[in-house]
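J.:
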């Protein structure tokens, strides 16, 4: 029995190595240079068509907004799965939180002081990335991740469970509804004023803010569920 | 061709994908399977965001046309894919915790008492 398992192990290693070699050989020697019609279309006149200076924001908020809609749906479904398919729901008696446990003796004093100093700046750069996502590098996804980082550093300083995750989940569902409704009304049904220079900007800022808040709440829910429910 | 020219983003991405595939095929710990899936995702992200890059091109921001733009399409695709990858990893870990608490199994094996991380 060990001989056959060892043989299978060698066969698997050989399969991975040969697969990587074949793909690298084909990629280096026989790769075909294709035309880029999508890139030419997306970078030709994106500022006049969408009102965004950032071409990536123009793509994921206007040209290919379906991607964003279904990505938001995917993140919301994963958050609902993390909350509902959890062992801690049915067996809550094993998962008592230690109420007045500050756990400060386990944390480094240096980390606590430094996090307290940089905490507002992390929030500030997150909001800056979200608001300026359509004129500079950035956007809702990146800014939302930075905001969630701020909440994670809050856990390092104050490791208590006093967030209401159900409110956050309801907020995320409402934000998803807004994310779906805004492009449907503005892009698909073309409910736009005659002069679209200002309304395009408003649409970009609104959608980036909604996406940023949604990614922030989704990542925060996942992090806090894992820290306080799954890890025990 | 210097040796460092060989290390481009596409080649490292392909190698990362196959390292993850090797982990998926050989490791029997469920957590290592989820980690291997994350490594494969990272390889795909790296391959996509470095594809179709030419030297001297500028980021696709603004209207300046003194140089060619970088292709913005793979970046826009990978922005959504990274968030989805986080969601997939979270789903896998939650299902693994449920499975372990209910059945006490941490390995892809019929032997319930199998422990350790060397598989």
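Residue numbers (my numbering), protein chains in the order written: chain A, 1096 to 1327; chain B, 69 to 187. Just so you know, even glycine gets a beta-carbon here, dropped at the ideal spot from N, CA and C.
Helix, strand or coil, according to DSSP, for residue 1149 of chain A in the structure here?
T.: In the first chain, residue 1149 of chain A corresponds to position 54, counting from 1. Note: residue 1149 of chain A maps to strand in three-state DSSP.
J.: Is there at least one Cβ from chain B nearer than 8 Å to residue 1232 of chain A's Cβ?
T.: Against the first chain, residue 1232 of chain A aligns to sequence position 137. Interface residue, yes.
J.: Hey, does residue 1137 of chain A have any beta-carbon neighbour from chain B nearer than 8 Å?
T.: Taking the first residue of the first chain as position 1, residue 1137 of chain A is located at position 42. Closer than 8 Å: yes.
J.: Would you give the residue range spanned by the alpha helix (DSSP H) that residue 1264 of chain A belongs to?
T.: Reading the first chain from its first residue, position 169 is the one you call residue 1264 of chain A. First-last of the alpha helix (DSSP H) with residue 1264 of chain A: 1260 to 1278.
J.: Taking the alpha-carbon positions, what's the residue 124 of chain B to residue 87 of chain B distance?
T.: Here residue 124 of chain B is taken as the residue at index 56 of the second chain, counted from 1. Here residue 87 of chain B is taken as the residue at index 19 of the second chain, counted from 1. In a straight line, the C-alpha of residue 124 of chain B is about 32 Å away from that of residue 87 of chain B.
J.: Of the residues A:1125, A:1123, A:1151, A:1108, which one's Cα is nearest the Cα of residue 1136 of chain A?
T.: Sequence index remark: in the first chain, residue 1136 of chain A carries index 41 (1-based). Checked all of A:1125, A:1123, A:1151, A:1108; the closest Cα to residue 1136 of chain A is A:1151.
J.: Distance check for residue 1177 of chain A and residue 1057 of chain A, CA to CA, integer angstroms please.
T.: In the structure as shown, chain A begins at 1096 and stops at 1327. Residue 1057 of chain A is therefore absent and cannot be evaluated.
J.: Listing by chain order, which chain B residues have their CB less than 9 Å from the CB of residue 1299 of chain A?
T.: Here residue 1299 of chain A is taken as the residue at index 204 of the first chain, counted from 1. Ordered by position in chain B, no residue passes the 9 Å Cβ test against residue 1299 of chain A, which lies about 13 Å from the chain.
J.: Is the Cβ-Cβ distance between residue 1243 of chain A and residue 1314 of chain A less than 8 Å?
T.: Residue mapping note: residue 1243 of chain A aligns to position 148 of the first chain, counting from 1. Residue mapping note: residue 1314 of chain A aligns to position 219 of the first chain, counting from 1. Yes. Within cutoff.
J.: CB-CB under 7 Å to residue 157 of chain B, same chain, minus the five flanking residues each way: which ones, in chain order?
T.: One-based indexing of the second chain puts residue 157 of chain B at position 89. Taken in chain order, the residues that qualify are 102, 106.
J.: Whole angstroms are fine: how far does the CA of residue 1110 of chain A sit from the CA of residue 116 of chain B?
T.: The residue you call residue 116 of chain B lines up with position 48 of the second chain. The residue you call residue 1110 of chain A lines up with position 15 of the first chain. Cα-Cα distance, rounded: 24 Å.
J.: Any beta carbon of chain B sitting closer than 8 Å to that of residue 1228 of chain A?
T.: The residue given as residue 1228 of chain A occupies position 133 in the first chain. Answer no: the Cβ-Cβ gap between residue 1228 of chain A and chain B never drops below 8 Å.
J.: I'd like to know if residue 125 of chain B contacts chain A, where contact means its C-beta is closer than 8 Å to some C-beta of that chain.
T.: What you label residue 125 of chain B is simply residue 57 of the second chain in a count that begins at 1. Chain A, which has no Cβ nearer than 8 Å to the Cβ of residue 125 of chain B, makes this no.
J.: Rounding to the nearest angstrom, what Cα-Cα distance links residue 1214 of chain A and residue 1254 of chain A in this structure?
T.: Locating residue 1214 of chain A in the first chain gives position 119, counting from the first residue. Locating residue 1254 of chain A in the first chain gives position 159, counting from the first residue. Whole-angstrom Cα-Cα distance: 15 Å.
J.: Within 8 Å of any Cβ in chain B, is that where the Cβ of residue 1107 of chain A sits?
T.: Taking the first chain and counting its residues from 1, the one referred to as residue 1107 of chain A is at position 12. Residue 1107 of chain A counts as touching chain B.
J.: Assign residue 1156 of chain A to buried or exposed, taking buried as 16 or more other Cβ atoms, counted over all protein chains shown, within 10 Å of its Cβ.
T.: As a position in the first chain, residue 1156 of chain A is number 61, starting the count at 1. Buried, because 16 or more other Cβ atoms sit within 10 Å of the Cβ of residue 1156 of chain A.
J.: How would you write the range of the alpha helix (DSSP H) that residue 86 of chain B sits in, first residue to last?
T.: Stepping through the second chain from its first residue, residue 86 of chain B is reached at position 18. Element bounds for residue 86 of chain B: 77 to 94.
J.: In angstroms with no decimal places, state the Cα-to-Cα distance between residue 169 of chain B and residue 178 of chain B.
T.: Numbered from its first residue, the second chain carries residue 169 of chain B at position 101. Numbered from its first residue, the second chain carries residue 178 of chain B at position 110. So the two alpha carbons sit approximately 16 Å from each other.
J.: Roughly how many whole angstroms lie between the Cα atoms of residue 79 of chain B and residue 120 of chain B?
T.: In the second chain, residue 79 of chain B corresponds to position 11, counting from 1. In the second chain, residue 120 of chain B corresponds to position 52, counting from 1. Rounded to the nearest angstrom, the two C-alpha atoms are 13 Å apart.
J.: Whose Cβ in chain A lies nearer than 7 Å to the Cβ of residue 139 of chain B?
T.: Here residue 139 of chain B refers to the residue found at position 71 when the second chain is read from its first residue. Correct list: 1131, 1134.
J.: Within 10 angstroms of the Cβ of residue 1312 of chain A, are there 16 or more other Cβ atoms? Answer buried if so, exposed if not.
T.: Walking along the first chain from the start, residue 1312 of chain A turns up at place 217. Buried, because 16 or more other Cβ atoms sit within 10 Å of the Cβ of residue 1312 of chain A.
J.: Helix or strand or just coil, what does DSSP make of residue 129 of chain B?
T.: One-based indexing of the second chain puts residue 129 of chain B at position 61. Residue state, collapsed to three classes: strand.
J.: For residue 1162 of chain A, report the span of its alpha helix (DSSP H) as first-last.
T.: Here residue 1162 of chain A refers to the residue found at position 67 when the first chain is read from its first residue. Note, residue 1162 of chain A: alpha helix (DSSP H), 1160 to 1179.
J.: Tell me the DSSP bridge mates of residue 97 of chain B?
T.: Locating residue 97 of chain B in the second chain gives position 29, counting from the first residue. Beta-bridge pairing links residue 97 of chain B to B:175.
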